[in-house]
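Participant: Per this note's numbering, the very first residue in the sequence shown carries number 773; after that it's consecutive.
Glycine residues also receive a C-beta, built at the ideal position from the N, C-alpha and C atoms.
Small disclaimer: the values here were computed from a predicted structure and weren't measured.
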Amino acid sequence: MRSVVTIKKSDIRPSLAVVLRSQGIDDPSSVSGRVKQLAEMALIILHDLATPAGIVMDIGRSEFEAVYRGEGLNEDSTPLSLIAPAAAQFALFAVTLGSGVSERISLLFDEQEFALGALLDGAASESAEMACRAIGTEYRRTLTLQGRLNNGHGVLPFSPGYCGWHISAQRSLFDLLRPGDIGIALGETFLMEPLKSVSAVLVAAPKEAFVFVDDFPFCATCATRTCRDRIQTVMTGIPGES
């Protein structure tokens, strides 16, 4: 089944602390009133301009394998290639904040409003990630109500371009999901327009399947290791901070 998902702005509004953290500020009390004012302004702009939308599509194992294979440029071994054999369900999804936010970010930088532009960019990125988490949470809830998952299962998204999955797989993902229906287009370099958009496959599997050692060759170039937090979220069932 393929369906367009309604996403409420109120559900994907990051906190002021998270917006500041996106700029490397861990302690909100350490910044000036002007910086806080700009961060609050960024949140107002985000709320005014965002037009969030999502699309989700259940797929079978053979369809997943075709999407994952993409153009044959993946690393030989990836976390997703190890997790997928244990998966119970797969779904493709895409979310976007719409073009207005991205256009305003570009305009702010063009006008040399760098501080506000950076804060709006950080806020929008977090908002898009919150939309992804909301899609994943709802997908897990739906599968659980249908009796297809239990408390021993978790759901995680995986996007082309990360963790050894080559970004060119975006083409096969887009061909199947057709997110143009919610205004997302794929460029020649596989980047999406609007920029504040995310595409991924949701993988529902036993929780233990998501546990892997982050010692793949490509892990050496990863500065964040956010996979550790995502795995912990699956194991504990506690959602990430928003």
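Please classify Glu-883 as buried or exposed, where buried requires at least 16 neighbouring CB atoms within 10 angstroms.
Facilitator: Indexing the sequence shown from 1 puts residue 883 at position 111. So Glu-883 counts as exposed.
Participant: According to DSSP, simplified to helix, strand and coil, what is Gln-884?
Facilitator: Start at 1 with the first residue of the sequence shown, and residue 884 comes out as number 112. It is coil, neither helix nor strand.
Participant: I'd like to know whether the C-beta atoms of Ala-976 and His-925 end up nearer to each other than 7 Å.
Facilitator: For this step, residue 976 is matched to residue 204 along the sequence shown. For this step, residue 925 is matched to residue 153 along the sequence shown. The answer is yes: Cβ separation under 7 Å.
Participant: For the pair the segment 954 to 971 and the segment 913 to 927, tell me if three or more CB-CB distances fall below 8 Å.
Facilitator: no
Participant: For Ile-831, which three-state DSSP category applies?
Facilitator: If you number the sequence shown from 1, residue 831 lands on position 59. The answer is strand: DSSP assigns Ile-831 an E or B state.
Participant: Quick one, which of Asp-798, Thr-823, Thr-916, Glu-835 has its alpha-carbon nearest Ser-944's?
Facilitator: In the sequence shown, counting from the first residue as 1, residue 944 sits at position 172. Minimum Cα distance to Ser-944 is reached at Glu-835.
Participant: In terms of residue numbering, what span does the alpha helix (DSSP H) encompassing Gln-795 cover?
Facilitator: For the purposes of this step, residue 795 is identified with residue 23 of the sequence shown, where counting begins at 1. Unbroken run through Gln-795: none, as it is neither H nor E.
Participant: Once you ignore the five residues that flank Ser-849 on each side, which residues in its own chain have a CB closer than 8 Å to its CB?
Facilitator: Taking the first residue of the sequence shown as position 1, residue 849 is located at position 77. Within the same chain, Ser-849 has close Cβ partners Gly-936, Phe-988.
Participant: For Met-964, write down the residues that DSSP places opposite it in a beta bridge.
Facilitator: Counting from one through the sequence shown, the residue named residue 964 turns up at place 192. Looking at the DSSP assignment, Met-964 forms a beta bridge with Leu-958.
Participant: Would you please state the rounded distance, in angstroms, between the beta carbons of Pro-824 and Val-867? I believe it to be under 8 Å.
Facilitator: Working through the sequence shown from its first residue, we reach residue 824 at position 52. Working through the sequence shown from its first residue, we reach residue 867 at position 95. Yes, Pro-824 and Val-867 are in contact; Cβ-Cβ is about 7 Å, under 8 Å.
Participant: Just grab the DSSP bridge partners of Ser-969 for me.
Facilitator: Locating residue 969 in the sequence shown gives position 197, where the first residue counts as 1. Residue pairing from DSSP places Ser-969 in a beta bridge opposite Thr-868.
Participant: Could you spell out where the beta strand (DSSP E) holding Phe-930 opens and where it closes?
Facilitator: Stepping through the sequence shown from its first residue, residue 930 is reached at position 158. Unbroken beta strand (DSSP E) run through Phe-930: 925 to 930.
Participant: Between which two residues does the beta strand (DSSP E) carrying Val-777 extend?
Facilitator: Locating residue 777 in the sequence shown gives position 5, counting from the first residue. Its beta strand (DSSP E) spans residues 774 to 777.
Participant: Rank Asp-893, Asp-783, Ala-903, Met-1007 by C-alpha distance to the C-alpha of Val-791 and give the top, closest one.
Facilitator: As a working mapping, residue 791 is identified with position 19 in the sequence shown. Considering only alpha carbons, the answer is Asp-893.
Participant: Could you tell me which residues DSSP pairs with Gln-861 in its beta bridges?
Facilitator: Sequence index remark: in the sequence shown, residue 861 carries index 89 (1-based). Beta-bridge pairing by DSSP links Gln-861 to Ala-976.
Participant: Count the other C-beta atoms from every protein chain shown that fall within 10 angstroms of the C-beta of Pro-730, then say buried if there are 16 or more, exposed otherwise.
Facilitator: With the chain running from 773 to 1014 in the structure shown, residue 730 is simply not present.
Participant: What first and last residue would you give for the alpha helix (DSSP H) that runs through Val-803?
Facilitator: Within the sequence shown, the letter at position 31 stands for residue 803. It is not in any alpha helix (DSSP H) - Val-803 carries neither H nor E in the DSSP assignment.
Participant: Residues in the same chain with beta-carbon distance under 7 Å from Ala-858, minus the five sequence neighbours each way, listed in chain order, please.
Facilitator: Within the sequence shown, the letter at position 86 stands for residue 858. Within the same chain, Ala-858 has close Cβ partners Ala-977, Pro-978, Ala-981.
Participant: For Gly-889, which three-state DSSP category applies?
Facilitator: Position 117 of the sequence shown holds residue 889. Helix, per DSSP.
Participant: Would you call the CB atoms of Leu-888 and Leu-880 closer than 7 Å?
Facilitator: Locating residue 888 in the sequence shown gives position 116, counting from the first residue. Locating residue 880 in the sequence shown gives position 108, counting from the first residue. Taking 7 Å as the cut-off, the beta carbon of Leu-888 is found closer than this to the beta carbon of Leu-880.
Participant: Is the beta carbon of Ala-896 closer than 7 Å to that of Leu-815?
Facilitator: Residue numbering aside, residue 815 sits at position 43 when the sequence shown is read from its first letter. Residue numbering aside, residue 896 sits at position 124 when the sequence shown is read from its first letter. No, the pair does not count as a contact, with Cβ atoms beyond the cut-off.
Participant: Determine the burial state of Met-1007: buried for a count of at least 16 other Cβ atoms within 10 Å of its Cβ, exposed for fewer.
Facilitator: Start at 1 with the first residue of the sequence shown, and residue 1007 comes out as number 235. Its Cβ having fewer than 16 others within 10 Å, Met-1007 is exposed.
Participant: Which residue from Ile-956, Thr-1005, Phe-990, Lys-780 puts its Cα closest to that of Ser-871?
Facilitator: Within the sequence shown, numbered from 1, the residue matching residue 871 stands at position 99. When each option's Cα is compared against that of Ser-871, the closest is Ile-956.
Participant: Using the Cα positions of Ser-802 and Val-828, report the straight-line distance between them to the nearest angstrom.
Facilitator: On the sequence shown, residue 802 is found 30 positions in, with the first residue counted as 1. On the sequence shown, residue 828 is found 56 positions in, with the first residue counted as 1. Cα to Cα, Ser-802 sits roughly 41 Å from Val-828.
Participant: Could you tell me the distance, in whole angstroms, from the CA atom of Ile-877 to the CA atom of Asp-1001?
Facilitator: Taking the first residue of the sequence shown as position 1, residue 877 is located at position 105. Taking the first residue of the sequence shown as position 1, residue 1001 is located at position 229. Spanning the two alpha carbons is a distance of roughly 28 Å.
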